[in-house]
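Its first residue numbered 2, the sequence shown is counted upward by one per residue in our numbering.
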Amino acid sequence: MAPNPAADLDRRIVAALMLDGRAPWRKIAAALNVPDRTVTRRGTALLESGAVGIHALADPHRTGRGDPFVVTFSCAPATVWPTCATIARRPETVTTYLLSGRAQCLADMWCPETRQADLFLHELGATTGVTQVEVAPVLRYIQTLTTWDPGILDRDEAEALRVGAPITTWPVFSEPVKLHREDKALLRGLVEDGRRTFEELGRMAGVSEQTAARRVEAMRTSGLVTLRAVVDPRVLGLPVAALLRLRIRPPAVETVAAALTASPHVRYAAMVMGEHQIVADVRLPTKDALRHLLTDAEWTEHVEAMESSLILDVLKQSEVLAASLQ
């Protein structure tokens, strides 16, 4: 395939936004050694096209939204899409995938303790089209969109863009924090558009630009709020999407988790309770590359059983509904 410099630059700009979603275009241009006007033009086009969006996500535990769960659904064949769309639209749902295989839908859901029995034992099972529900509490996130590095930028480029220390634990299972009215308004503004200026955010929250900047940076530094580049991985040259559920001997779980964290192909992974110990979303350039990952990666020697499915569609990602559902 002939080189495509424009597509390559787009991938690098998106990778830069994954490191710092609020980075000014001039900072990205300097890091990538590309003219400011070129980066501004192409970056703005990427955002306007919807190929990438920057959105905030708050720690569910510390903000009182509850604990995280990975929930898989089996559906009646004729109702798969509308059933999964219903699941995606629920306020507890953060991410929803349509899958091939035995379970046709997977959702990352957050739910407070007082609502868990009703949600998991009554409401989800009563959803039209759902025939089976499997709930796996998340013990910790191994990889998220906040920490995913697809390996597109070199080390110097990445270091020039990185802001603060990387978040290694998220969510933090500690006492909930009390957000002031102004903080909640700032968070709502960032959820809608993570690249809003501090002046815009200040107007929304009724505070000065300087106060908005200080409060937003404090929430980001503490890990209470993360900014995520919600991107179609096909833009990054990774069109093949698969969902893996791994059963691993307990002593080897952390070894496999470390290997998955280091892989540029692992976009999301969570350590969970239940029949499987790890759930992972992987993105690759070809199905042949997927075959190699599933059979040749060193970490597979620790896996006792693997259930793999293609991700056929993404209906919700980091609380952002797909265009087809809006």
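No residue lacks a Cβ here, since even glycine has one placed at the ideal position from N, Cα and C.
Query                                                                                                         : Result
Identity of the residue in P83, T145, T80 nearest D331 by Cα                                                  : No answer is possible for residue 331: the residues shown for the chain start at 2 and end at 327.
Cβ-Cβ distance between Y142 and W171 below 8 Å                                                                : yes
Inter-residue Cα distance where the pair is L187 and I14                                                      : 26 Å
Touch test, the segment 171-184 against the segment 24-41, Cβ-Cβ under 8 Å, three pairs minimum               : no
Closest residue to A161 among K28, E210, Q105, L225 (Cα-Cα distance)                                          : K28
Given A270 as reference, the closest of R246, E114, E276 once Cα atoms are compared                           : R246
K317 (DSSP reduced to helix, strand or coil)                                                                  : strand
Within 8 Å, strictly: CB atoms of T147 and T94                                                                : no
Buried or exposed (CB count within 10 angstroms, at least 16 for buried), Y86                                 : The sequence given here places Ala at residue 86; Tyr does not occur at that position. By the 10 Å Cβ count, A86 comes out buried.
Runs of alpha helix (DSSP H) wholly within the segment 276-302 (minimum 4 residues, chain order)              : 288-297
Cα-Cα separation between I55 and K288, rounded to whole angstroms                                             : 29 Å
Inter-residue Cα distance where the pair is Q278 and V231                                                     : 26 Å
Span of the beta strand (DSSP E) around W111                                                                  : 106-112
Backbone CA spacing between L313 and L107 [nearest angstrom]                                                  : 11 Å
Per DSSP, cross-strand counterpart(s) of F74                                                                  : C106, V134
Candidates F74, W26, L120, L99: closest to G67 by CA position                                                 : L120
Opposing strand residues paired with L100 [DSSP bridges]                                                      : I312
Candidates E201, P265, A253, of which the one nearest G152 by Cα                                              : P265
Backbone secondary structure at D68 - three-state DSSP                                                        : strand
DSSP bridge partner residues for I249 (one or two, in chain order)                                            : V304
Endpoints, alpha helix (DSSP H) assigned at T256                                                              : 254-263
Any C-beta of chain D under 8 Å from that of Q133                                                             : The chain inventory of the structure shown lacks chain D, comprising one protein chain alone.
Per DSSP, the bridge partner or partners of Q117                                                              : Per DSSP, none; premise fails for Q117.
Every unbroken alpha helix (DSSP H) within the segment 170-224, with a cutoff of 4 residues, ordered by chain : 182-193, 199-206, 210-222
Residue range of the alpha helix (DSSP H) that includes I29                                                   : 26-33
Boundaries of the alpha helix (DSSP H) in which T45 is found, first to last residue                           : 37-50
Sufficient close CB pairs (3 or more, under 8 Å) joining the segment 247-258 to the segment 64-81             : no
Through-space distance from S310 to G130, alpha-carbon basis                                                  : 20 Å
Element boundaries [beta strand (DSSP E), containing R229]                                                    : 226-232
Three-state class that DSSP yields for H56 in the structure shown                                             : strand
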